[in-house]
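Read the structure below first, then the notes.
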Amino acid sequence: MRSRHANLGHEPVTVRARELKVWEALNLALDEAMAADEAVFILGEDVGLYGGSYRVTQGLYAKYGEWRVRDTPISENSFTGLGVGAALVGGRPIVEIMTVNFALLALDAIINMAAKLRYMSGGQFTVPLVVRMPGGVARQLAAQHSQRLEHTLLNVPGLRVVVPGTPQDSYWQLTQAIECDDPVIVLEHELLYNDSGPFDAEAEPLPLHAAAVRREGRDLTLIAWHRMVGVALEAAETLAGEGIEAEVIDLRSLRPLDLPVLVKSVEKTHHALVVEEDCRFAGAGAEIAASLHEAAFGALDAPVERVAGLDVPTPYNGLLEQASIPDAGAVVGTALRILTPRV
Amino acid sequence: MQRELARQFLYDMMLARQFEQAAADQYQQGNIAGFLHLYPGEEAVAVGSLRAADAGDYVVSTYREHVHAMVKGITPRAVMAELFGKATGCSGGYGGSMHLFDREKRFLGGYAIVGETFPVAIGVGYWLRMTGQNDVVYCFFGDGAANQGTFHESLNMAALWKLPVLFICENNHYQIGTEIHRHTAVPEIWRHTTPYGIPGKRVDGMDVAAVYDATRDALAFVRAGNGPMLLECDTYRYRGHSMADSGAYRSALEVQELMARDPVRTFRERALAEGWIRETEIADIEKQVQETVADAVQFAEQSPDPDDVRKDVYAEPFRLYGGSR
């Protein structure tokens with residue numbers, strides 16, 4: 016039956032296309048997981064009738080009904096905590112928080128509860144909870160809508176934090192996160208939802224926490240995630256024109272970190288640069304650089320450096336906003352400096 | 056009243072009183088560390104409400120939850136061993152006094168951040184309703200928790216979706232050292248449910264039979280699919296908030312007045328007067344309780360410490376090692 020609501024006319028993504036957009040891949044993963052397991056349900060603001068702020072839950076409300084695709088009041092801490100409670104007794108909830116900025120209101124449920132209940136209960140309970148949240152600097156959304164939360168979530172034992180950036184990874188990693196018995200935070204980037212990319216539903220997935228080498232090179236390792244992978248690839252292209260072959264690694268996961276892949280790369284290139292959208296001070300890049308120094312100091316010809324966001328709240332003005340986050344030019348400039356032999 | 060039920064109430068409350076006194080002693084001796092929140096004065100609430108539960112009902116409780124845990128079926132040994140931080144404790148020594156868990160008994164934990172029991176309980180209620188199960192989830196909270204956002208957020212969602220949650224307020228009149236008239240504009244907590252259309256009721260929390268009767272009625276209402284209900288139990292704690300608190304903000308007179316309504320003594324007197332129990336049976340209970348508590352302490356003392364600090368942070372191992380793709 017067609018509803019008077021326009022969004023109910025949309026179907027979930029079903030085409031096994033060779034190309035998908037990121038939001039379509041996420042939608043496909045949700046649809047397949049819900050079809051396969053009745054314990055899987057979704058809750059969040061405007062995930063149902065509206066179809067999700069970024070269309071990720073499109074069509075699922077009509078297909079699975081209001082109990083499995085639940086529109087919630089604006090009560091982030093309590094509906095995220097609702098997910099924790101349901102996960103304790105057999106549910107496999109997927110909480111969508113409209114943006115990471117609002118997740119600050121749900122940190123009690125995420126950090127005090129989800130991350131700790133297995134440990135505090137002596138292993139009696141598991142918390143198979145997925146919390147999805149889009150974030151990052153988008154287009155002039157100003158300081159309260161442009162944050163990254165990696166720094167906070169990385170420091171919490173008990174959480175897994177993944178950062179898919181491609182349609183294929185979005186499909187694989189969301190599927191794996193739903194199957195995982197631990198709480199998994201899936202950070203999505205607002206500017207990547209409409210990116211198209213190759214997609215193969217039958218391909219053998221990479222493990223949930225594996226890093227991926229996106230471009231091979233011998234001179235320098237660029238380490239990035241989310242939208243910064245594109246920035247790093249653009250910089251690598253420019254560097255290639257200068258005769259420098261940069262290797263680009265997409266981390267895909269921040270907790271745990273696939274350190275062996277980074278070490279292997281650095282043993283070849285002897286130089287590494289972290290490209291990070293988040294503010295530089297105490298960001299994820301600091302942990303990555305420190306871990307790499309500890310694990311591969313002997314292989315490094317220079318300190319691991321960071322190209323990162325400025326330590327400022329994100330400004331509204333478009334020119335200032337762009338100046339507050341890294342671009343390919345900044346990556347190239349720092350790469351050239353690192354690789355210039357010191358006299 | 057059935058004699059058996061009266062005997063059970065008295066046993067539970069006398070055990071609770073004795074157990075908590077032993078916990079205080081063991082804390083003073085250095086065998087229990089951390090924060091220790093004791094229950095004397097409030098026994099009628101846990102005993103009256105949880106003796107009305109079915110085995111399938113879930114409990115989400117606060118950090119003052121030793122007695123809830125024992126009435127729900129966790130043994131005094133397992134609770135005391137947890138207070139000692141031992142491997143034989145109900146949380147393996149990883150949780151402590153504020154974090155008692157038992158999956159089999161459907162005891163979903165003590166939560167030590169005020170206001171956390173609300174979202175956890177509505178999550179359980181959501182799952183029960185979504186899957187068509189007939190169990191109810193108990194959500195315990197104190198008067199101080201009624202001012203957390205999660206209280207109002209969760210009442211709203213529980214009412215909106217008619218979730219099978221029984222909210223039980225243990226109103227002991229103090230959020231640590233701040234008396235209820237100084238922390239809540241409308242100190243009748245049961246009235247806070249009005250804007251959400253949830254029935255709320257106040258009951259004498261020093262009267263175990265009254266709490267039991269009110270809970271049975273409330274459970275019948277909730278189990279019938281009418282949505283949540285809230286019971287406010289008017290009670291009092293004799294000790295400070297925790298062992299670290301002397302309770303100096305209250306007058307000795309106030310404490311004495313409340314002790315005159317002591318739930319254990321008043322019910323014992325009533326049970327004798329009504330002929331529900333005999334003096335000799337009470338003496339037997341007294342002896343049994345002392346032995347049970349002494350056994351729990353001995354068990355905790357003799358139990359081993361847990362030895363794996365990394366255990367159970369995650370349910371599954373990490374799978375790393377990517378590469379070219």
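Residue numbers (our numbering), protein chains in the order written: chain A, 16 to 358; chain B, 56 to 380. We treat Cβ as the ideally placed atom computed from N, Cα and C, and that holds for glycine.
Which of helix, strand or coil DSSP assigns to A:S211: Indexing the first sequence from 1 puts residue 211 of chain A at position 196. Strand at A:S211.
Interface flag, A:V104 vs chain B, CB-CB below 7 Å: Counted from its first residue, the first sequence places residue 104 of chain A at position 89. Yes, because at least one Cβ of chain B sits closer than 7 Å to the Cβ of A:V104.
Minimum Cβ-Cβ distance from B:N211 to chain A less than 7 Å: The residue given as residue 211 of chain B occupies position 156 in the second sequence. Look at B:N211: its C-beta is under 7 Å from a C-beta on chain A.
Where A:N127 meets chain B, residues with beta-carbon distance less than 8 Å: Taking the first residue of the first sequence as position 1, residue 127 of chain A is located at position 112. Contacts between A:N127 and chain B, judged by CB atoms closer than 8 Å, involve I168, E171 in chain order.
Which of helix, strand or coil DSSP assigns to B:F90: Here residue 90 of chain B is taken as the residue at index 35 of the second sequence, counted from 1. Coil at B:F90, not helix or strand.
Opening and closing residue of the alpha helix (DSSP H) in which A:A40 lies: Along the first sequence, one-based indexing puts residue 40 of chain A at 25. Unbroken alpha helix (DSSP H) run through A:A40: 37-51.
Cβ-based neighbour list, B:A200, same chain, cut-off 7 Å, excluding 5 preceding and 5 following: Taking the first residue of the second sequence as 1, we reach residue 200 of chain B at position 145. Hits under 7 Å: V169, G170, F206.
Segment limits, beta strand (DSSP E) that includes A:L269: As a working note, residue 269 of chain A is residue 254 in the first sequence. It spans 268-270 - the beta strand (DSSP E) in which A:L269 sits, taken as one unbroken run.
A:E203 vs A:P149 beta-carbon contact at 7 Å: As a position in the first sequence, residue 203 of chain A is number 188, starting the count at 1. As a position in the first sequence, residue 149 of chain A is number 134, starting the count at 1. In this structure, A:E203 places its C-beta atom within 7 Å of the C-beta atom of A:P149.
Contact set between A:R133 and chain B, taken where Cβ atoms lie within less than 8 Å: The residue labelled residue 133 of chain A in the question sits at position 118 within the first sequence. Within chain B, the residues near A:R133 are D367, V368, Y369, A370.
Spatial distance of A:A227 from A:V281 (CA atoms): Translated into positions along the first sequence, residue 227 of chain A becomes position 212. Translated into positions along the first sequence, residue 281 of chain A becomes position 266. As the crow flies, the alpha-carbon of A:A227 is around 14 Å from that of A:V281.
Residues that DSSP places opposite A:P275 in a beta bridge: Counting from one through the first sequence, the residue named residue 275 of chain A turns up at place 260. For A:P275, DSSP assigns no beta-bridge partner whatsoever.
Residue from B:N211, B:Q230, B:V258, B:R305 with nearest C-alpha to B:G459: In the structure as shown, chain B begins at 56 and stops at 380. Residue 459 of chain B is therefore absent and cannot be evaluated.
Residues, ordered as in the chain, of the stretch 165-197 of chain A that lie near chain B by beta-carbon distance below 8 Å: The stretch 165-197 of chain A vs chain B, Cβ under 8 Å: P172, G173, R175, C195, D196, D197.
Alpha helix (DSSP H) segments (min. 4 residues) lying fully within the stretch 159-194 of chain A: With a minimum length of 4 residues, the continuous alpha helix (DSSP H) runs that stay inside the stretch 159-194 of chain A are 165-169, 182-194.
Assumed close pair A:L206, A:R242 - CB separation to whole angstroms, cut-off 8 Å: The residue given as residue 206 of chain A occupies position 191 in the first sequence. The residue given as residue 242 of chain A occupies position 227 in the first sequence. Indeed, because the Cβ distance is near 6 Å, the residues count as touching under 8 Å.
Limits of the unbroken alpha helix (DSSP H) element including A:H241: As a working note, residue 241 of chain A is residue 226 in the first sequence. The continuous stretches of alpha helix (DSSP H) do not include A:H241, and DSSP gives it neither H nor E.
Contact with chain B by A:D273, beta-carbon distance below 7 Å: Translated into the one-based positions of the first sequence, residue 273 of chain A becomes position 258. Under the 7 Å criterion on CB atoms, A:D273 is classed as interfacial with respect to chain B.
Test: A:G100 CB closer than 7 Å to a CB of chain B: The residue you call residue 100 of chain A lines up with position 85 of the first sequence. Closer than 7 Å to some Cβ of chain B, the Cβ of A:G100 qualifies, so yes.
Integer-rounded CB distance, given that B:G164 should sit under 8 Å from A:S136: Locating residue 136 of chain A in the first sequence gives position 121, where the first residue counts as 1. Locating residue 164 of chain B in the second sequence gives position 109, where the first residue counts as 1. Your pair A:S136 and B:G164 checks out as a contact, with CB atoms roughly 7 Å apart and the cut at 8 Å.
Contacts of A:A124 in chain B (Cβ-Cβ under 7 Å): For the purposes of this step, residue 124 of chain A is taken as residue 109 along the first sequence, with counting starting at 1. Within chain B, the residues whose beta carbon sits less than 7 Å from that of A:A124 are P174, listed in sequence order.
Proximal residues of chain B, C-beta to C-beta of A:L202 below 8 Å: Within the first sequence, numbered from 1, the residue matching residue 202 of chain A stands at position 187. Those within 8 Å of A:L202 in chain B number zero; the least Cβ separation is about 17 Å.
Within the stretch 282-340 of chain B, ranges of the beta strand (DSSP E) (whole runs, at least 3 residues): If we require 3 residues or more, the beta strand (DSSP E) runs fully inside the stretch 282-340 of chain B come out as 284-289.
Own chain, CB closer than 6 Å to B:V175, minus 5 neighbours either side, in chain order: Here residue 175 of chain B is taken as the residue at index 120 of the second sequence, counted from 1. Cβ within range, chain order: V115.
Span of the beta strand (DSSP E), counted from its first residue to its last, around B:S104: Here the question's residue 104 of chain B lines up with position 49 in the second sequence. Where B:S104 is concerned, there is no enclosing beta strand (DSSP E), although the alpha helix (DSSP H) around it starts and stops at 98-105.
Beta-carbon proximity check, A:L189 vs A:V178, cutoff 7 Å: By one-based count along the first sequence, residue 189 of chain A stands at place 174. By one-based count along the first sequence, residue 178 of chain A stands at place 163. Contact: no.
Helix, strand or coil at A:P108 [DSSP, three-state]: Residue mapping note: residue 108 of chain A aligns to position 93 of the first sequence, counting from 1. Strand at A:P108.
Per-residue DSSP class, three states only, for A:V11: Outside the shown range of chain A, which is 16 to 358, sits residue 11 of chain A, and nothing can be said about it.
Residues near B:N189 in its chain [Cβ-Cβ closer than 7 Å; skip 5 each side]: Taking the first residue of the second sequence as 1, we reach residue 189 of chain B at position 134. Contacts found: R278.
Members of the stretch 210-234 of chain A near chain B, C-beta cut-off 9 Å: So the close ones are L221, P222, L223, H224, A225, A226, A227, V228, R229, E231.
Beta carbon proximity, B:M185 to chain A, threshold 7 Å: Counting from one through the second sequence, the residue named residue 185 of chain B turns up at place 130. Taking 7 Å as the threshold, the shortest C-beta distance from B:M185 to chain A falls below it.
Paired residues, beta bridge with A:D265 - DSSP: Here residue 265 of chain A refers to the residue found at position 250 of the first sequence. DSSP, once it has assigned bridges, lists A:A227, A:A239 as partnering A:D265.
Beta carbon of A:L307 nearer than 7 Å to that of A:A287: Position 292 of the first sequence holds residue 307 of chain A. Position 272 of the first sequence holds residue 287 of chain A. Yes.
Under 7 Å by beta carbon: chain A residues contacting B:Y181: Counting from 1 along the second sequence, the entry for residue 181 of chain B is found at position 126. Simply L97, A101.
Rounded separation between A:A338 and A:V246 - CA only: Position 323 of the first sequence, counting from 1, holds the residue named residue 338 of chain A. Position 231 of the first sequence, counting from 1, holds the residue named residue 246 of chain A. Answer to the nearest angstrom: the Cα atoms are 14 Å apart.
Beta-carbon gap between B:I332 and B:A338 smaller than 7 Å: Numbered from 1 along the second sequence, position 277 holds the residue referred to as residue 332 of chain B. Numbered from 1 along the second sequence, position 283 holds the residue referred to as residue 338 of chain B. Taking the C-beta atoms as reference points, B:A338 is found no nearer than 7 Å to B:I332.
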